[in-house]
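Report on one structure; see the data block that follows.
2 protein chains.
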Amino acid sequence: MKNLIILGSTGSIGVNALKIVEANRDRFNVVALGAKASVKILAQQIEIFCPKLVSVADRATATELRKLCRRRVKVVTGVKGAIECATDPDGDLVLSAMVGAVGLEPTMAAIIAGKDIALANKETLVVAGELVMKEARRKRVKIIPVDSEHSAIFQAMRGEKKKSVRRLIVTASGGPFLRSSKKDLKKVTVKSALNHPNWSMGPKISIDSATMMNKGLEVIEARWLFNLKPELIDVLVHPQSIIHSMVEFTDTSVIAQLGAPDMRGPISFALNYPDRLEKLDAPRLDLAKIGLLNFEEPDLKKFPALRMAYESLARGGSAPATLNAANEVAVESFLNGRIAFTSIPVVVEKTVQRVDGGSVTTIEDALSIDRTAREIAREVVAGPVARPQRLTLTL
Amino acid sequence: MKNLIILGSTGSIGVNALKIVEANRDRFNVVALGAKASVKILAQQIEIFCPKLVSVADRATATELRKLCRRRVKVVTGVKGAIECATDPDGDLVLSAMVGAVGLEPTMAAIIAGKDIALANKETLVVAGELVMKEARRKRVKIIPVDSEHSAIFQAMRGEKKKSVRRLIVTASGGPFLRSSKKDLKKVTVKSALNHPNWSMGPKISIDSATMMNKGLEVIEARWLFNLKPELIDVLVHPQSIIHSMVEFTDTSVIAQLGAPDMRGPISFALNYPDRLEKLDAPRLDLAKIGLLNFEEPDLKKFPALRMAYESLARGGSAPATLNAANEVAVESFLNGRIAFTSIPVVVEKTVQRVDGGSVTTIEDALSIDRTAREIAREVVAGPVARPQRLTLTL
């Protein structure tokens, strides 16, 4: 029996994780749940999984939750509450699936408390990857990725030695605008950008996929998660998203992990690691039905986000954290109709140029850089960048 | 330092293995070499690798070899000689790369002597798979496949538990006649059948690839090598031969091994197992350059050999050995211009129907069935089967 702590239980990853838990009650027990503010879903989850501890964003949400909840459960709030959940002594594995930099502190606290991590929170590695992985190695804590690409690489490396790895090949769908011209990108609407060809995801990650910043952030994550130099991490466009990623070894052999584009696979792998679930309610891969798989090099001119991600790794220190914060502000501004789609990388680049890069030696450093970068990004958004064309404002 | 015994050293696998040995002298030492009759190549190999023991087919060949050979080396002959090589106390790993049923006895002797096997000889598993693998388990001997498909499955299973395997997906190029109609197959010449689209191989295996019997034999091998029921082994046509095979796990995840179609990859993996070579002089995979990969279900009507292989497994006992022997005679008859391409499966089917299936409890049983099946197959070839059309006799 594995005792789970799920942070971000009402999001897409959390909800799917709990579906897996429900189908495998003999394997998993839920100790604690954490959510931001979706109290209705959270109340239902409490009813079904009976955690002893629950965290929400703030006191007002806690009060609301208590009204909805029949079951007796301790409710804690804020970052302090999330950390209390993450470090509960009864938990074996923390599924870190909060969205944004707010996931960093609880995840780090869980690592320091010696808990294994199923990691879905990108920011943990993008903002403070070096720091987090150093602590994980020191505590001999396993960090099992939930992202489909990193899960694929993690699975491809099973039973292999790190010194045998020649390079990682992170696959990218190319997003909804793979075939669009640079000129077409200028007219992109929020609606079309949210329409991802393969994966059904939240708005932030869908936009990141459309700009390919998502892939850039994944390269940064992979750099720290697998402790490999950025030049050993390549991106390959593969529109069908069937090969989730690959590892090339020194003897020319390439190991790939494939599957239908469905998050339940990687989630179940991370939850049940090191074993595989005997049964999973998720679609099986049928390659004869799919028929063909395509591959091409990414177009770094059309999608500058990918180039910027590599540059931030080359610069090092706080540069990836700055990139991430600026991107969050830029995407939010695009979703709110304040800037054009093509302005997202412009805002990021301008912000990165204005923020002084320093080293990140503590989590506080990382969070401080995150705040500074956001402020500057907001100034950049308010300045001279392309605005959406009137006709294309469809949201 | 690993001490190697290479049986079949002058064939395609043997020659490539020795190239790898030559590039990695710090890792490999050659104890013994075995070949049939290619004395010129063998004499060169003796000069370069200085084995202490060499086996050839017969005394006449041995005399010829001694004339060519400046170096002092013990030369032994026949099956007894091959067994002496295979069991030499100084050897750690036997590369079993002889062609045909003649490889069975030396391979079994090596297993009994407790030596790990890099297995390229198909017949060992097709003719006596159950027997051989039982002995290997008893002696805790590792059987590492050299065939690209089985090597792929072996690599995909690294670090995984057998109970997590849902099925194997053996990929097949489909051979040179994948797009030919049944009518076209009637006109197939030896020359066109030898022209494999992806792999450069010997004539027997090229014809087997054209009839898809090669894939059938591989399914039989996989059945014993991985100890999985035949219904858990699927064949998928993949014309580019880039994905060498796959394993689907119970949690819907699929692990595949990919590479350029080049035997040096699987050979080096088997020789250096469990480690991977740090460097290999073989082409690297470039998926962006390849562009696309296709997949389709095999056409069992056009290629009945595959169906017959599954049927032989269902019948059990000596049926796969009979299938293999009949196929060898049929292919030889096709290559000699005695029967038409479409008669190959007909000869096999008729032979299988005429040979009484018995159990195989000793290697002698297997070899006896092999002999009987060959005799009957020769009778079938002499009987009423389709002959090549005059115009198409190009060899």
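Line by line, the protein sequences give chains D and F. Residue numbers for the first sequence follow the numbering used here, so the first one is 88 and each next one is one higher. Residue numbers for the second sequence follow the numbering used here, so the first one is 88 and each next one is one higher. Yeah, the Cβ is synthetic: ideal placement off N, Cα and C, and Gly gets one too. From a predicted model like this one, the values you see are computed outputs, not experimental measurements.
Chain order gives the chain F residues near Gly352 (chain D) as Asp338, Thr339 and Ser340, where near means a beta carbon separation below 9 angstroms. A contact is defined here as three or more CB-CB pairs under 8 angstroms, and the region 343-363 of chain F fails this definition with respect to the region 392-405 of chain F. At a Cβ-Cβ threshold of 8 angstroms, Ile240 (chain F) and Leu218 (chain F) do not count as neighbours. Of the residues F:Ile342, F:Glu308, F:Arg225 and F:Gly261, the one whose Cα lies closest to the Cα of Arg245 (chain F) is F:Ile342.
With 16 or more other Cβ atoms inside 10 Å of its own Cβ, Glu415 (chain F) counts as buried. Taking CB atoms only, Leu105 (chain D) has no neighbour in chain F less than 8 angstroms away. Contact annotation: Leu304 (chain F) and Asn411 (chain F) have beta-carbon atoms nearer than 8 angstroms. At least one CB atom of chain F sits nearer than 8 angstroms to the CB of Ser251 (chain D).
Across the set D:Thr211, D:Ile107, D:Ala124 and D:Val108, the C-alpha of D:Ala124 shows the shortest separation from the C-alpha of Thr97 (chain D).
In the pairwise beta carbon analysis, the region 201-209 of chain F is classified as not touching the region 276-290 of chain F: fewer than three pairs are separated by under 8 angstroms. Along the region 353-377 of chain D, going in chain order, the ones with a CB nearer than 8 angstroms to a CB of chain F are Ser355, Phe356, Asn359, Asp362, Arg363, Leu364, Glu365, Lys366, Leu367, Ala369, Pro370, Arg371, Leu372, Leu374, Ala375 and Ile377.
Residue environment for Asn314 (chain D): exposed (fewer than 16 other C-beta atoms within 10 angstroms of its C-beta). Taken in chain order, the whole alpha helix (DSSP H) runs of length 4 or more contained in the region 190-272 of chain F are 191-199, 209-225, 235-243 and 269-272.
According to DSSP, residue pairing for Phe336 (chain D) in a beta bridge involves D:Val252. Beta-bridge partners assigned by DSSP to Ser142 (chain D): D:Gly121 and D:Val163.
Counting only the Cα atoms, Arg158 (chain D) lies some 7 angstroms from Glu134 (chain D). When Cβ pairs closer than 8 angstroms are counted between the two stretches, the region 324-336 of chain D is seen not to touch the region 267-276 of chain D, the count staying below three. For Val341 (chain D), the beta-bridge partners assigned by DSSP are D:Glu335 and F:Leu345. Within chain F, the C-beta atoms nearer than 9 angstroms to that of Asn381 (chain D) come from Gly378, Leu379 and Leu380, in chain order. DSSP lists no bridge partner for Ser279 (chain D).
If you draw a straight line from the Cα of Ser296 (chain F) to the Cα of Lys89 (chain F), it is about 33 angstroms long. Interface with chain F (8 angstroms Cβ-Cβ cutoff): Arg245 (chain D) is included.
Under a 10 Å Cβ-count criterion, Leu155 (chain D) is classified as exposed, with fewer than 16 other Cβ atoms of the shown protein chains found around its own Cβ. Counting only the Cα atoms, Ala460 (chain D) lies some 12 angstroms from Val468 (chain D). One finds Leu374 and Ala375 in chain F with Cβ atoms closer than 9 angstroms to the Cβ of Leu323 (chain D), taken in chain order.
Shown in chain order are the members of the region 216-245 of chain F whose Cβ falls below 8 angstroms from a Cβ of chain D: Gln242, Ala243 and Arg245.
Distances from the alpha-carbon of Pro138 (chain F) to those of F:Leu94, F:Lys167, F:Ala309 and F:Lys273 put F:Leu94 closest. Between the region 159-176 of chain D and the region 107-114 of chain D there are fewer than three C-beta pairs closer than 8 angstroms, too few to call the two in contact.
For the C-beta of Glu109 (chain D), not a single chain F residue is nearer than 7 angstroms; the gap to the nearest is close to 16 angstroms. Going by C-alpha positions, Pro348 (chain F) is about 47 angstroms away from Ala453 (chain D). Secondary structure note for Asn359 (chain D): its alpha helix (DSSP H) is the uninterrupted segment Arg351 to Asn359. Taking a cut-off of 8 angstroms on C-beta distances, the region 422-433 of chain F does not touch the region 364-384 of chain F, as fewer than three cross pairs fall below it. Straight through space, the alpha carbons of Met333 (chain D) and Ala243 (chain D) are spaced by roughly 7 angstroms. Between Ala207 (chain D) and chain F, the shortest Cβ-Cβ separation is not below 8 angstroms.
Nearest neighbour of Glu236 (chain D) by Cα position, chosen from D:Ile320, D:Arg474, D:Val189 and D:Ile463, turns out to be D:Ile320.
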